[in-house]
Amino acid sequence: MFPERFSNLPDYAFPRLRSLLDGIPPGGDEIAMTIGEPTHPFPQWVGGVISDNLAGFNRYPPNPGSDGLLDAIRGWIARRYSVPEPAAMALNGTREGLYNAAMALCPETKGGQQPVILSPNPFYQVYMVAALSIGAEPVFVDATEATGHLPDYASLPEDILNRAAVAYICSPANPQGAVADRDYWKTLLALAERYDFKIFADECYSEIYRGDAPTGVLTVAHEVGADPERVVLFNSLSKRSNLPGLRSGFVAGGPESIKRMGQLRNYAGAPLPLPLQAVAERAWRDEAHVEANRALYAVKYALADEILGDIPGYRSPQAGFFLWLPVEDGEAATVRLWRETGVKVLPGGYLAQGTGPANPGRGYIRVALVAAEDDTRRGLSALRQCLYD
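What follows is the structure, given as structure tokens:
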């Protein structure tokens, strides 16, 4: 029997979108601006690295990652965040790690009570399912314009914070593109220390940005001398290197946290095949393709500002590749846009918890800037004309 705690899960966002638009013909050639799946070219050398390492398919890959891959990951972390090399483990995509970290690191009780796992709202669905899977209570904290589109965990009541075992935080944020600055991280780290919970930092969009690189939690944790076990960092090659199909990411943190996650992974993990680990190793060592990728997104940031910049409530994203656009009703706007133009976007309410006006995503649509430049221009222009003019 399906466990009771999963009985009220909302449908995943994209099946809901298919149901919403089912039977409605598009009003023009389809332009998909829904899923955050990068379409920029991945590095040309990927095929050659796989070919050179084909013999690795004849071996079981090591669960934590090959020595070369782990050395590349730790080296990248040290360079990117200006910290000593932390303990790390390769992941078969960060979704695996974001889920299993709760399983491995969240206690069964906190102060003799059911533990709480904090999540931003809107949120990546795996945060909620991870909490439910271990019998923790997910508590959703709205990330709205009033809070800088990041969750204000310090505003929670004392009884919730006393039970908090884990706080998920995504920076740069999906879907809003907001970035946690040093002061935000310092406040969250101090809160985690006071109430003894771990920070699970999902930084998968950290390498797509305009201006200065987003400050990472490890940088600030090192500056303030936080306990290394306080923070668990997740990142991936999906967005940074346009390799979502490689399914390669990492988790980094204190040695005890990584040890416990590794113990779980020995039984429940699926390590990346060695030829693909070789690709990942080279990708973490190379920044040229990442800089080229950022330049392509910079063009589309500028397009969005040019086409949509004067719309009331428009917020130019700091990072990531989503627009979080204000509308009266996200579902209605999505249907109208599809029916009249063929542009497909995602209702913001599908990414958040709550019904009606209590859902902080209800008055938004999420628009992914992952298509080619010409398609992005056509899609944004059609969106502007349909919804705002």
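Per the working numbering, the sequence shown starts with residue 1360, numbered consecutively.
All C-beta atoms, glycine included, are put in the ideal place defined by N, C-alpha and C.
{"Query": "Taking the DSSP output, what are the residues bridged to Trp1683?", "Result": "Arg1725"}
{"Query": "Across the segment 1464-1477 and the segment 1570-1585, are there enough close Cβ pairs to call them in contact, namely three or more that are closer than 8 Å?", "Result": "no"}
{"Query": "Roughly how many angstroms separate the alpha carbons of Glu1552 and Ala1523, rounded to a whole number?", "Result": "11 Å"}
{"Query": "Return the first residue and the last residue of the beta strand (DSSP E) that Glu1496 is part of.", "Result": "Glu1496 to Asp1501"}
{"Query": "From Glu1732 to Pro1385, what distance separates their C-alpha atoms?", "Result": "21 Å"}
{"Query": "Across the segment 1685-1700 and the segment 1442-1456, are there enough close Cβ pairs to call them in contact, namely three or more that are closer than 8 Å?", "Result": "no"}
{"Query": "Just list the alpha helix (DSSP H) runs in the segment 1607-1661, keeping only unbroken ones of 4 residues or longer that don't cross its boundaries, in chain order.", "Result": "1614-1627 and 1633-1644"}
{"Query": "Should Asp1561 go down as buried or exposed, given a rule of 16 or more other Cβ atoms within 10 Å for buried?", "Result": "buried"}
{"Query": "When DSSP labels each residue in this structure, what does Asp1555 get in the three-state scheme?", "Result": "coil"}
{"Query": "If we ignore side chains and look at the alpha-carbon of each, how far apart do Arg1737 and His1648 end up?", "Result": "26 Å"}
{"Query": "For the candidate residues Pro1516, Gly1679, Leu1515 and Ile1724, whose alpha-carbon lies nearest to that of Pro1573?", "Result": "Gly1679"}
{"Query": "Out of Ala1642, Ile1724 and Gly1434, point me to the one whose CA is closest to Gly1672's CA.", "Result": "Ile1724"}
{"Query": "Buried or exposed for Leu1596, please, with buried defined as at least 16 other CB atoms from any protein chain shown within 10 angstroms of its CB.", "Result": "buried"}
{"Query": "Tell me whether Pro1587 sits in a helix, a strand or coil according to DSSP, three-state version.", "Result": "helix"}
{"Query": "Thinking Tyr1458 and Val1485 are a contact (beta carbons under 8 Å), I'd like their distance in whole angstroms, please.", "Result": "5 Å"}
{"Query": "Looking at Ala1502: is its Cβ nearer than 8 Å to the Cβ of Pro1481?", "Result": "yes"}
{"Query": "Could you check the C-alpha separation between Met1360 and Gly1708 for me, to the nearest Å?", "Result": "Low local confidence applies: a pLDDT of 44 at Met1360 is under 50, so the model's placement there is unreliable, with the coordinate-based value given in what follows. Straight-line Cα distance between these residues: approximately 29 Å."}
{"Query": "Buried or exposed for Val1658, please, with buried defined as at least 16 other CB atoms from any protein chain shown within 10 angstroms of its CB.", "Result": "exposed"}
{"Query": "Could you give the first and the last residue of the continuous alpha helix (DSSP H) run that contains Cys1529?", "Result": "Run containing Cys1529: none in the alpha helix (DSSP H); it sits in the beta strand (DSSP E), Ala1523 to Cys1529."}
{"Query": "Keeping to the same chain, check which residues put their C-beta closer than 6 Å to that of Asn1412; ignore five residues upstream and five downstream.", "Result": "Pro1634 and Ala1637"}
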